[in-house]
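First residue of the sequence shown? That's 1 in the UniProt record's numbering, and the numbers climb one at a time after it. In this text, a Cβ means the ideal position worked out from N, Cα and C, and glycines have one as well.
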Amino acid sequence: MQKMSSSNVLIIGLKGLGVEVAKNVILAGVKSVTLYDPEPTALPDLSNQFFLREEDVGTPRAQASAARLAELNQYVPVHVLTEELTPEVIRRFKVIVATETPLARMLEINQVTHGAGNCFIATDIRGLFGHVFCDFGPEFLVSDPNGEEPVSGMIAAISREADGVVTCLDETRHGLEDGDFVTFSEVQGMTDLNGGDPRP
């Protein structure tokens, strides 16, 4: 939570997906949000960008959306970036979210953010399908890949061979899958297993 509240976020692209991201980030309560979308609002934008109005047609999307987005959370300053996205400008932000950005441009931005140790998120939608790419740097470690509680189970026996076999209680499914790692605790008789590093 502290990391989030101290992050200044740049959101690139203010069509339907970009404005949804901006709305959620502002409501979450980050340090600041900066919007970048110099493209003029077009009539088709009104069908999927709910912070634009008919009178905004011709105005850059970021500029037209900023005041309405700022009303969502008075504690999050919302700015509009009017200068070009140079590497120096990109490095000023802790988190960059690029929506509806060409792949070549995403790669350029990611190279800058990765080198600066900042976070980069690229996302896009195509009808019913979408994609998200996250680069939170080389030090980022996913310790909760699926959001579920770790599986735990009762052990009936452990064999003493080099490739030991762990047997669970007969009526209990262990819920593990190929590739999962396990740790042991409260094992009696083979106490060296307790608290060790995760093992396959």
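Under three-state DSSP, which class holds residue i?
i      : result
THR191 : helix
ASP45  : helix
GLY16  : helix
ALA162 : coil
PHE110 : The sequence shown places Asn at residue 110, rather than the Phe named in the question. ASN110 falls in the helix class under three-state DSSP.
SER7   : coil
ARG173 : coil
VAL21  : helix
VAL57  : coil
Just to confirm before moving on: does the CB-CB distance between residue i and residue j stay below 8 Å?
i           : j      : result
SER5        : VAL33  : no
PHE50       : VAL19  : yes
LEU72       : LYS3   : no
GLY127      : VAL151 : no
residue 221 : THR59  : The chain is shown only over 1 to 200; residue 221 falls outside these bounds and no answer can be derived.
THR52       : ALA67  : Residue identity check: residue 52 is Leu in the sequence provided, not Thr. No, they are not a contact pair.
If we ignore side chains and look at the alpha-carbon of each, how far apart do residue i and residue j end up?
i           : j      : result
LEU69       : ARG61  : 12 Å
ILE96       : HIS79  : 14 Å
VAL9        : ARG160 : 54 Å
THR123      : PRO102 : 11 Å
ILE11       : LYS94  : 11 Å
PRO198      : LEU169 : 21 Å
residue 288 : GLU54  : Summary: the structure shown does not reach residue 288, with the chain confined to residues 1 through 200, and so no result is reported for it.
LEU85       : GLU149 : 41 Å
Quick check on residue i: buried or exposed, where buried means 16 or more other Cβ atoms within 10 Å of its Cβ?
i      : result
CYS134 : exposed
VAL132 : exposed
THR82  : exposed
SER47  : exposed
ASN146 : exposed
THR41  : buried
ASP45  : buried
ASP37  : buried
Under the assumption that residue i contacts residue j (Cβ atoms under 8 Å), give the Cβ distance between them as a whole number of angstroms.
i      : j      : result
ILE109 : ALA116 : Going by Cβ atoms, the distance from ILE109 to ALA116 rounds to 11 Å, so no, they are not a contact pair.
ILE155 : GLY164 : In fact, because the Cβ distance is near 11 Å, the residues do not count as touching under 8 Å.
VAL193 : PHE181 : Val is not the amino acid found at residue 193; the sequence shown has Leu there. At roughly 13 Å, the Cβ-Cβ gap does not stay under 8 Å, so LEU193 and PHE181 are not in contact.
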